[in-house]
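Peer 1: Those protein sequences? They're chains A and B, same order as listed. Residues in the first sequence are numbered from 13 upward in steps of one, following the numbering used here. Residues in the second sequence are numbered from 8 upward in steps of one, following the numbering used here. Built from N, CA and C at the ideal position, the CB exists for glycine as well. My questions all concern the structure below.
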Amino acid sequence: MVETITITLNGREVSGYSGMTVLELARESGVDIPTLCHHQHLAPYGACRICLVEDEKSGALLASCVTPIGPGMVINTASPRVLERRSMIVRLMLASHPDSCVVCDKGNRCELRQIAADLGIGLAGLERVYSPAIIQEVNPFMERDLSKCILCAKCIRADHDMVVEGVIDYMDRGFGARPSTLADVALEQSECTFCGTCISVCPTGALMEKNRVYSGSTAKAVDTTCPFCGCGCTITLEIKDNRIVRAVPFNGRVPSNNGRSPFIGVAGHGPPEAGVASAHVPGREVNKGTICVRGSYGYEAVQSPGRLQRPLVRKDGDSAFEEASWEEALEAVAAGLNGAIGAGGPQSVAVLGSTKCTNEENYILQRFARTVLGTNNIDNGSRLSSAGTRVGLGWTLGTPGSTGCLEELEISDVIMVIGANPSESAPAVAYAIKRAVKQRGAKLLLVDPRMTKLRPFAHLWLRPRAGTDLSLVSGMARVIIAEGLQDDEFVTRRTDNYADYKASLAPFSPEDVEKATGVAGADLVEAARTFAGAERGSIVCGNGITQYVNGTATAMALANLAMLTGNIGPHGGDIVALQRDNNGQGAADMGALPGFLPGFNSVQDPEARSKFEAAWGMDIGENGTGGLPDWVGDTALEMIGKAQEGRLKAMYVVGENPALSFPGKEAVKAALASLDFLVVQDIFLTETAKLAHVVLPAAGPFEKEGTFTNLEGRVQYVRKAVDAPGESLPDSEIVMRLAARMGSPIVYTPTQIMNEIEDLVPLYEDPCETEIARPGGVGGGQFPGTDRRGRRFAVERSRRLHKGQFPSAFDRFHPVHAEDSPGSNPGPCQPDGGGGGLLLLAGTGLYRSGNGSTTSRSRRLKAIEPESYIELNESDMVALGISSGDMVKVISTNGEVAARARIAGTLEAGTVFMPISFPESPANALFGIELDSRSKLPALKACSVRLERIGS
Amino acid sequence: MSEPQFEQSNMQHRPACGASKPDLNRIRGIIAEHDGQKWPLIPVLQKIQDDIGFIPPESITILAEAFHMFPAEVQGVITFYEQLYMVPRGRKVVRVCRGTACHVRGGKSILKLVKQNLGLEEGQTTPDMEYTLETVACIGVCALAPNLVIGKETYGNMNPKKVSQLFVKQTGSGESGGQS
Chain A
13 MVETITITLN GREVSGYSGM TVLELARESG VDIPTLCHHQ HLAPYGACRI CLVEDEKSGA
73 LLASCVTPIG PGMVINTASP RVLERRSMIV RLMLASHPDS CVVCDKGNRC ELRQIAADLG
133 IGLAGLERVY SPAIIQEVNP FMERDLSKCI LCAKCIRADH DMVVEGVIDY MDRGFGARPS
193 TLADVALEQS ECTFCGTCIS VCPTGALMEK NRVYSGSTAK AVDTTCPFCG CGCTITLEIK
253 DNRIVRAVPF NGRVPSNNGR SPFIGVAGHG PPEAGVASAH VPGREVNKGT ICVRGSYGYE
313 AVQSPGRLQR PLVRKDGDSA FEEASWEEAL EAVAAGLNGA IGAGGPQSVA VLGSTKCTNE
373 ENYILQRFAR TVLGTNNIDN GSRLSSAGTR VGLGWTLGTP GSTGCLEELE ISDVIMVIGA
433 NPSESAPAVA YAIKRAVKQR GAKLLLVDPR MTKLRPFAHL WLRPRAGTDL SLVSGMARVI
493 IAEGLQDDEF VTRRTDNYAD YKASLAPFSP EDVEKATGVA GADLVEAART FAGAERGSIV
553 CGNGITQYVN GTATAMALAN LAMLTGNIGP HGGDIVALQR DNNGQGAADM GALPGFLPGF
613 NSVQDPEARS KFEAAWGMDI GENGTGGLPD WVGDTALEMI GKAQEGRLKA MYVVGENPAL
673 SFPGKEAVKA ALASLDFLVV QDIFLTETAK LAHVVLPAAG PFEKEGTFTN LEGRVQYVRK
733 AVDAPGESLP DSEIVMRLAA RMGSPIVYTP TQIMNEIEDL VPLYEDPCET EIARPGGVGG
793 GQFPGTDRRG RRFAVERSRR LHKGQFPSAF DRFHPVHAED SPGSNPGPCQ PDGGGGGLLL
853 LAGTGLYRSG NGSTTSRSRR LKAIEPESYI ELNESDMVAL GISSGDMVKV ISTNGEVAAR
913 ARIAGTLEAG TVFMPISFPE SPANALFGIE LDSRSKLPAL KACSVRLERI GS
Chain B
8 MSEPQFEQSN MQHRPACGAS KPDLNRIRGI IAEHDGQKWP LIPVLQKIQD DIGFIPPESI
68 TILAEAFHMF PAEVQGVITF YEQLYMVPRG RKVVRVCRGT ACHVRGGKSI LKLVKQNLGL
128 EEGQTTPDME YTLETVACIG VCALAPNLVI GKETYGNMNP KKVSQLFVKQ TGSGESGGQS
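If you want it as structure tokens, here you go:
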């Protein structure tokens, strides 16, 4: 029961709830109190004393940010005493602050300067005591000038409580006190990830982005969704002269909300009593004021000089590209695609949709493929990363992706992170996990052959051999059943096929699992007991499970484990399946899939087809001719296979780079080059675009309107911040023009397309958030970062969260078998012992995302890690005669790439790690094409390699 | 540009370079002794310093892991307290009082003599790790001024003769004690 408390504020009676602070109530009541150390996502701290107010009854001056309201309080926020004291505090700060305001790039964003101006303070009028502690950093991202530090500790608190990296803390005391790294080394020598969160909270110029050029005040700010991984963080872009000069986490002040308890949702304070609904009203955005290095600096790539400006066409056959008008280019594309269809029918053309494009663009593109080209050969890049969880969770739980959101993940009491390194691939997820551990005492079960950065937070770290996760997960389930720890009520009421499942676990005894995975039986039992004992047990999984040939089976095993422990639905934990790209989920939801129309309506379902045929105004002839194709098309890698065989004549590739990101690089390149016609639509002249006959310049993620669906399944707005360069156009516009050129116009306005998606895609209906403005009002007043199902998402939970019942009434245990486990079939996943063979693990690095097509073009992201690297265990280095910094050739049976060797204590002997995101040394080139039979996802995680030193 | 000021004023907090390898197992033992205790960090730090004479910088990561803290947090605690050191100190810490009472009775000269006797400046340690010289603002026995403290022992009414005897004697006992 929340108690209402009434106080008198500046002579007016206002009411709040017990536990609320004077500052919160004042802000809710429209009374502004200046602060320097307060932040909506940080616990109140009371360091700066700027927010002091006068208690008129006692005459005391109180720091309002840490003073709870009490019945009958009489508060004055601007009495002469308050103003006098506040001014003195600011003057004291200014007395030790350098006079560099004119050249300080913080400029008008400096909160200290704003407050001084509001208080009418010119000169400090005190003896100046300068702090000479000026530290210059040599990293490309940020500059620390501690002479401007006012010791508000916001950076330290952001570091500890928001992103939970723990890189800095106060050092020394008195006049010497300052935020410092361990042993006071420069940031680039510390564990700092340069996420930029501390910069965004610093109220003065002490922490700033490193900008050689003074950019001054920006004219406009646009709130949008970050395009550099699947998290979907809400960021604010600051724009000047049609250029993005800065990207910061969205930090808008949250509108007041009834029923808001002050501390809930803020770092370190109290569990949410009433579940998610009330827990996270302050700041509903995914990232809650945080950001990562890609979000902060990745925008530079989109503004890089390499952007395509005009369409490029090869006039005849193999001649060089020439710039062309849109008319000429689209004519060439129409001719090329029509020619292929004429020669080989609709089966001989294929389309690749993009995990980087918006939902609307993918929707239009798949309509184009199905209605104009008449083909179901359409897929998207998520086939290479998250198809395993999409298919695996879809078959078992009926939800093609994550079953929950990060807010719920954060309130879980046990979190199992398996086959995922979110610290690098999805930083906002890692932040949430670490906050859960640090602030709520959640237990982290880490399952990874590599020692990732989550290791210090782990309750238990299981180190299975690469690719043996299926045995491990099934082994945990077997222990749970053997010890009677399963959730019987859930299993009985909500699932079927339990008996088969139980029987299928027989071969996964702790001893068998130990033999297969190398994980000690006792650890397995401990992990199983911990997970089964959780009130809310959540699972975070990523490419470390999906990118094996048994990835889908492992995803199903995880779904089985979640069902067994009752961790599906509102009262349990969630499965959070990471997405490599910003819209991998959306591209699949929108039907950029060979077997599904939008909303996972099967192409073989006549009812579903006729629904879309009607919506798209297709003329159905007699015998059903002219309708949507009813055959299941080819997946991404199958398209390449058919191109190799000459059965595929033409491809239309939108925003994907198969020549770089697909396994078997040379074979893929050859297959693409052998096509009669290849058209690539992208923002850069990518490796794939270089092979094309026509290249169409597309608008980047900050240059168009639409929505992205993040890894939680949240649909979020993307807003136009700057104009696209040259003649480039949004992908949707290009596809619609092309459709018109090919004689079957597709015409949508942005509003029409969104409405149609809401009407036809059951996952995207949006009945109760109509007050949210439609795009067009860029940077408008509405609360950004809200999913279009806003309230449903936060209160009733989304479609993914099973409101009481599963979509098909029951969920089905899917037994997975030992033969799915490479443990019984060592194959490519084991180092081959003799012959110097090493097991290579490939994964995402922090400073690049995806295959690096975009992020490798960011000046600063490139500066910190200019070239690809390969991490080795010390003993392997010694054995191979390689030292740290040497260039080595990494050779597999499928190819070779060069990389610089690095020593890493995170790997076991015999295992090496290489990031996938360096276009110059694509780790994917080392892999052959070997598909998971269920999801058709190629194995891209582990392969056997040997190393040759080629220089230092 | 000149070195930042704090580099000078807080030298004693800086990790020592080339210090002999600390006994990290002893540190782990001390942590184990305080297992289950609430807020163990400061008692553990004091115990480490009592045992080893200082807090080896290498112990920070071990302490952080044991107490589920960030290494930077542990460093923050160590550098906050005047009583905790991250550089090796002499077996005996000589603290010469420079409080008001001692000052008017010649404390300044006493400090000068101690410096000459030990060959040290403030904050320094003798190469044999026997003595570290510090000054204090007041030790609370002004009636005996000028004062100095060696280890836990206080010496009052100091004069030049007593100072030189003190260190001959102390040095002698240190050697005969056979401490290494």
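I want to see whether chain A comes within less than 7 Å of Gln82/B, judged by CB atoms only; does it?
Peer 2: yes
Peer 1: Name the chain B residues that come within less than 8 Å of His172/A, Cβ to Cβ?
Peer 2: Phe77, Glu80
Peer 1: Looking only at its own chain, which residues have a Cβ that is under 8 Å from the Cβ of Glu343/A, when we skip the five neighbours before and after it?
Peer 2: Arg753
Peer 1: Cβ of Gly725/A within 7 Å of Cβ of Ser414/A?
Peer 2: Yes, they are a contact pair.
Peer 1: Hey, which unbroken runs of the beta strand (DSSP E) at 3 residues or more fall wholly within the segment 636-718 of chain A?
Peer 2: 662-666, 689-694, 706-709
Peer 1: Is it the case that the segment 500-512 of chain A contacts the segment 546-561 of chain A, given that we only count it when at least three CB pairs across the two stretches are under 8 Å?
Peer 2: no
Peer 1: Along chain A, which residues have their Cβ under 9 Å away from the Cβ of Phe87/B?
Peer 2: Tyr182, Met183, Asp184, Arg185, Ala189
Peer 1: Against chain B, with Cβ distances strictly below 7 Å, would Gly280/A count as a contact?
Peer 2: For Gly280/A, the predicted structure reports a pLDDT of 23, less than 50, and the residue's modelled location is therefore unreliable. The matter cannot be settled from this model.
Peer 1: Can you pull the DSSP bridge partners for Arg731/A?
Peer 2: Partner(s): none; Arg731/A has no beta bridge.
Peer 1: Taking only three categories from DSSP, how would you classify Met428/A?
Peer 2: In the structure shown, the three-state DSSP call for Met428/A is strand.
Peer 1: With DSSP as the reference, label Pro167/B as helix, strand or coil.
Peer 2: helix
Peer 1: So which of Ile180/A, Leu852/A, Gln126/A, Cys241/A has the shortest CA-CA distance to Asp196/A?
Peer 2: Ile180/A
Peer 1: Going by beta carbon distance, what residues of the same chain come within less than 7 Å of Arg379/A, once the five residues before and after it are set aside?
Peer 2: Trp628, Ile758
Peer 1: So, with DSSP's three-state summary, where would you put Glu177/A?
Peer 2: coil
Peer 1: Short check: CB of Val552/A to CB of Val525/A, under 7 Å?
Peer 2: no
Peer 1: Would you report the Cα separation of Cys304/A and Phe153/A, rounded to the nearest angstrom?
Peer 2: Roughly 12 Å separates the two Cα atoms.
Peer 1: For Ile34/B, return the contacting residues in chain A, with the cut-off set at a CB-CB distance below 8 Å.
Peer 2: Within chain A, no residue comes near Ile34/B; the closest Cβ sits about 17 Å away, beyond 8 Å.
Peer 1: Using a Cβ cut-off of 7 Å (strictly closer), state whether Leu163/A contacts chain C.
Peer 2: No chain C appears in this structure, whose protein chains are A and B.
Peer 1: Quick one: is Gly178/A near chain B, going by C-beta distance under 7 Å?
Peer 2: yes
Peer 1: Could you check whether the Cβ of Leu194/A sits closer than 7 Å to any Cβ belonging to chain B?
Peer 2: yes
Peer 1: Would you call the CB atoms of Val485/A and Val537/A closer than 7 Å?
Peer 2: no
Peer 1: Could you tell me which residues DSSP puts in a beta bridge with Ile551/A?
Peer 2: Met428/A, Ile587/A
Peer 1: Using three-state DSSP, classify Pro779/A as helix, strand or coil.
Peer 2: For Pro779/A, the predicted model reports a pLDDT of 33, less than 50, meaning its position is unreliable; a value from the coordinates is still stated below. Of the three classes helix, strand and coil, the one that applies to Pro779/A here is coil, per DSSP.
Peer 1: State the beta-bridge partners of Cys104/B as determined by DSSP.
Peer 2: Val143/B
Peer 1: Identify the continuous alpha helix (DSSP H) that holds Pro618/A and give its terminal residues.
Peer 2: 618-627
Peer 1: Could you give the distance in angstroms between the alpha-carbon of Trp473/A and the alpha-carbon of Val170/B?
Peer 2: So the alpha carbons of these two residues sit roughly 60 Å apart.
Peer 1: Suppose the cutoff is 6 Å on Cβ atoms and the five residues either side in sequence are ignored; what does the same chain contact list for Met136/B look like?
Peer 2: Gly97
Peer 1: Using CA atoms only, rank isn't needed, just tell me which of Lys327/A, Gln359/A, Arg322/A, Ala332/A is closest to Ala347/A.
Peer 2: Lys327/A
Peer 1: Taking C-beta pairs closer than 8 Å, name the residues in chain A that Pro64/B reaches, listed in chain order.
Peer 2: Ala195
Peer 1: Cα-Cα, which of Gln693/A, Ser673/A, Ala711/A is closest to Leu649/A?
Peer 2: Ser673/A
Peer 1: What three-state label does DSSP hand Asn613/A in the structure shown?
Peer 2: DSSP places Asn613/A in strand when its eight states are reduced to three.
Peer 1: Could you give the C-beta distance for Pro606/A and Ile390/A, rounded to a whole number, given that I count them as a contact under 8 Å?
Peer 2: 6 Å
Peer 1: Please look up how many angstroms separate the CB atoms of Cys238/A and Ser437/A, rounded, as I've assumed it's under 8 Å.
Peer 2: Contact flag wrong, Cβ pair sits at about 14 Å.
Peer 1: Who pairs with Pro950/A in a beta bridge, going by DSSP?
Peer 2: Leu943/A
Peer 1: Hey, is the segment 693-711 of chain A in contact with the segment 429-436 of chain A, meaning 3+ C-beta pairs nearer than 8 Å?
Peer 2: no
Peer 1: Terminal residues of the continuous alpha helix (DSSP H) containing Pro92/A?
Peer 2: For Pro92/A, the uninterrupted alpha helix (DSSP H) segment begins and ends at 92-107.
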